[in-house]
Amino acid sequence: MPSTRSPKLGALLTVAAVTVFGLQDGVSKLLTERYSVFFVIAVRYWTFAAVLLLLHRRRLRVVMQTGAPRRQLLRGALLAGQVCMIVQSFASLGLTTTHAVFSSFTLLVAVGSWLFLGERVDRARWAAIALGFAGVLVILRPGVQVLEPSALLPLGGAVTFAAYQLLTRTVSAHDDARTSFFYTGIAGALVMTCVGPFFWEQPDVAGWAWLAIVSGS
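In my numbering, the protein residues as written are 9 to 225.
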């Protein structure tokens, strides 16, 4: 059996994860050309929550125990909002532009860890952060062209995802990964249940098939 610290295994898992994420993004963009973003994301979260409840049905009370319930629920709500913004951005701006701007979340996490978590950021990292934000401005080109509201979607997604990452860091001191993962799905499903039914559309057979693929990947 390969070691859990095997570089080859890590590389294979990384490639697999990137492949799955790419598949999700492509299918999500395809679905939003036919159905509402809120409907698509709601179905994904309902499936996610159902799988979590099924997997943890015998130890539900244990998994639900948390030392930071408000932050756990906020994490899930932020991630649901982030997914909605990014998927809508796929439909409005395309995959390339969306990912180029959304990648700035790593810079926001670095700044947030300094502001809110007291982590040290050296000069080299500050220089990299400044250069990264300059790159985002080049992509958005404010002042050169009219900044469309849709261009703010991936930026908003980056901000909310950075906040989600920072909250994940803080709750890790109270809860294990299983509990955090559980609340990510359940809180997101609750948020989308408040929105998704208002945008319900009846998919055809092909639509249900694509929804099954994106929800199960």
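Cβ atoms here follow ideal geometry from the backbone N, Cα and C, with glycine treated the same way. Since the model is a prediction, treat every value here as computed from it, not as a measurement.
Three-state class that DSSP yields for residue i in the structure shown
i    : result
W208 : coil
T74  : coil
A6   : The structure shown has nothing for residue 6, since the chain only spans 9 to 225.
L101 : helix
A132 : helix
A88  : helix
G126 : coil
S158 : helix
S188 : helix
T64  : Just to set this straight, residue 64 is His in the shown sequence, not Thr. Three-state DSSP puts H64 in coil, outside helix and strand.
S180 : coil
Y43  : coil
S223 : helix
S112 : coil
I167 : Reading off the sequence shown, one finds Val at residue 167, where the question assumed Ile. Helix at V167.
V203 : coil
Q153 : Confidence at Q153 is low in this model, with a pLDDT of 49, below 50, so the placement of that residue is unreliable and no value is reported for it.
W218 : helix
Pairwise C-alpha distance: residue j and residue i
i    : j    : result
R83  : R186 : 14 Å
W218 : L86  : 25 Å
M93  : G140 : 21 Å
S223 : L163 : 24 Å
G120 : A24  : 29 Å
A99  : R52  : 17 Å
T168 : Q90  : 6 Å
A166 : A50  : 20 Å
Q80  : Q73  : 11 Å
S228 : L20  : Nothing in the structure corresponds to residue 228, since the chain is present only between 9 and 225.
W216 : G34  : 16 Å
V71  : F47  : 28 Å
L198 : F189 : 15 Å
D184 : R69  : 14 Å
A138 : L174 : 20 Å
W122 : R42  : 42 Å
V45  : W54  : 14 Å
L145 : P157 : 15 Å
CA nearest to the CA of residue i, picked from the options
i    : options                : result
T178 : A138, A76, L163        : A76
G196 : W216, G164, S158, Y172 : Y172
F207 : F190, L20, T40, R65    : T40
T176 : I221, F56, A220, R78   : R78
A136 : L125, L115, L198, D184 : L115
I147 : A118, L123, S112, S44  : S112
A181 : R42, L125, E156        : L125
F8   : A88, G34, A142, A170   : As shown, the chain starts at 9 and ends at 225. That puts residue 8 outside it, with no answer to give.
A118 : L17, A220, A170, R42   : A170
L160 : L123, Y43, V95, E127   : V95
Closer than 7 Å: residue i CB and nearest the ligand FMN heavy atom
i   : result
Q80 : Summarising the ligand content, the structure contains no ligands, and the ligand FMN is consequently not present.
Should the stretch 204-216 be called in touch with the stretch 100-110, which here means at least 3 C-beta pairs below 8 Å? Counting Cβ pairs under 8 Å, fewer than three are found: no touch.
>> Pairs of beta-carbons, one from the stretch 27-36 and one from the stretch 93-105, closer than 8 Å: are there three or more?
In response: By the Cβ test, the stretch 27-36 is in contact with the stretch 93-105, since at least three Cβ pairs between them sit closer than 8 Å.
Are three or more beta carbon pairs between the stretch 56-72 and the stretch 191-205 nearer than 8 Å? Flag = yes, the stretch 56-72 and the stretch 191-205 touch.
Quiz prompt | Inter-stretch contact (C-beta, 8 Å, three-pair minimum) for the stretch 198-206 and the stretch 122-132 | solution = Taking a cut-off of 8 Å on C-beta distances, the stretch 198-206 does not touch the stretch 122-132, as fewer than three cross pairs fall below it.
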